[in-house]
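Notes follow once the structure below has been shown.
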Amino acid sequence: MTPAGRPTCLLQCVFSALTISLVWACGAQAEMKAPLWVQTGDEQLTTLVPPEKIHAWFEDKQVAVRTVHPANGNLVLLIVLDVVGDLTRIDTVRAGLIELLADFGPREFAGILRAQDGLQVLLEPTSDHEALKDTLLSSPVSGFPGLLDSVEDAAAVADQMLRQSDVRVAVLYITDGSIYEYRGNYTNPVINPSDGGDLSRRFGDSLIQERINGMLQSLMSSWAPVFFLHLENRGDRLNSVYQNGLTQFAQTTGGQALFCDSVAQIQPFLQQIIERVRAQQVITLETPPDLEGQVRLRLEVEGADITYRERFDFEKPKPEKK
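Offset between the sequence shown (1-based) and the numbering used here: plus 299.
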């Protein structure tokens with residue numbers, strides 16, 4: 300199968316695994332969905348905010364909130380394994396995932412994917428805790444880091460699920476890669492190897508940042524949040540640029556990126572991310588017909604502090620062919 304075919308195949312695999320009832324969205328251009336987290340002592344609001352208590356604006360234009368999918372509703376978490384290094388850290392995160400996924404209820408599904416050589420489905424979304432455990436324990440650890448080559452595909456799959464079904468969706472990357480370990484050479488680029496005066500080798504971080512900037516535009520068009528747990532924080536210059544890129548990916552999609560300085564941080568950081576994934580509500584908003592380009596979303600909830608994703612990119616409608 301060609302790399303271009305993987306997202307479509309993966310999407311079909313994911314949908315075939317779902318046992319929840321799918322409610323297909325009609326009039327996709329007239330609405331959008333966004334994750335919402337509520338911080339309040341009112342347990343009812345942290346689970347489900349009534350639509351009438353939410354006020355929403357795109358830029359300065361107020362829009363209606365159509366529905367809210369609650370924090371105890373259907374959830375699909377796509378876990379993407381991008382691990383190639385220290386087995387101690389990998390075994391720790393495997394054990395943590397097994398423990399946390401065992402707490403998932405019957406309406407919470409998790410799928411396991413692998414990032415090397417394009418997205419590969421190891422286990423389709425399921426609520427079968429034993430199947431999740433067996434897949435995690437047997438998942439391979441080899442190859443090159445694949446995050447930069449797969450994250451747009453993973454986000455696209457999650458985005459389509461969120462757009463087309465009545466379910467909360469999130470992506471979680473478990474990664475330990477260094478920018479120096481990628482199959483492609485991001486650390487010593489040459490624009491013109493025949494030119495002895497070519498200065499590109501002096502700016503290795505520029506190629507990394509250029510790649511990240513290009514991916515941010517794509518991710519801004521996706522609706523589902525993407526989370527990252529990096530098992531080994533690295534402080535050198537090029538890895539700092541790379542890891543800052545992961546933070547940008549997370550912020551752009553409404554997710555979160557955490558970086559572990561030690562093995563002891565893996566379990567609590569993982570738990571923090573899983574709790575945030577499970578706590579999200581998803582609101583469906585009416586969208587004005589002339590909405591296009593990068594747009595700021597502003598939300599207010601009566602009686603509660605909230606966090607949410609503020610910026611989205613709406614593609615311009617393509618002109619009809621005559």
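Where is the CB? At the ideal position from N, CA and C, for every residue including glycine. This one's a predicted model, so the numbers in the text were calculated from it and none came from an experiment.
* Asked: Mind checking whether Val392 and Leu530 have CB atoms under 8 Å apart?
  -> yes
* Give every residue of the same chain whose Cβ lies closer than 6 Å to the Cβ of Met331, excluding the five residues on either side of it in the sequence, and list them in chain order. => Leu584, Thr586
* Where does Gly513 sit, in a helix, a strand or coil, going by DSSP? -> helix
* Classification of Arg482 by the beta-carbon crowding that lies within 10 angstroms, buried from 16 upward -> exposed
* Could you name each continuous alpha helix (DSSP H) segment of 4 residues or more that falls completely within the region 393-472, going from the start of the chain to the end? => 428-437, 446-463
* Asked: Sorted by chain position, which residues of the same chain lie with C-beta nearer than 7 Å to Gln415's C-beta, five sequence neighbours on each side aside?
  -> Gly442, Phe443, Gly445
* Enumerate, from N- to C-terminal direction, the unbroken alpha helix (DSSP H) stretches of 4 or more residues contained entirely within the region 552-595. => 565-578
* For Ala549, three-class secondary structure by DSSP -> helix
* Asked: Which residue comes first and which comes last in the beta strand (DSSP E) that contains Pro330?
  -> First, the residue type needs correcting, since residue 330 is Glu and not Pro in the sequence shown. Looking at the DSSP string, the run of the beta strand (DSSP E) that includes Glu330 is 330-338.
* To do: Check whether the Cβ atoms of Ala563 and Ala556 sit closer than 8 Å, and answer yes or no.
  => no
* What residues are listed by DSSP as bridge partners for Gln343? -> Answer is none; Gln343 lacks a bridge partner.
* Report buried or exposed for Ser449, applying the criterion of at least 16 other Cβ atoms within 10 angstroms of its Cβ. => buried
* To do: Under 6 Å Cβ to Cβ from Ile582, same chain only, skipping five residues before and after it: list those, please.
  => Ala333, Leu335, Val364, Val367
* Which residues bound the beta strand (DSSP E) around Tyr607? -> 604-607
* Rounded straight-line distance, which links the Cα of Phe403 to that of Asp381 -> 23 Å
* To do: Tell me whether the beta-carbon of Leu344 lies closer than 8 Å to the beta-carbon of Gly602.
  => yes
* To do: Determine the contact status of Phe408 and Thr434, defining contact as a CB-CB distance below 8 Å.
  => no
* Asked: Taking C-beta to C-beta, are Leu399 and Ile573 nearer than 8 Å?
  -> yes
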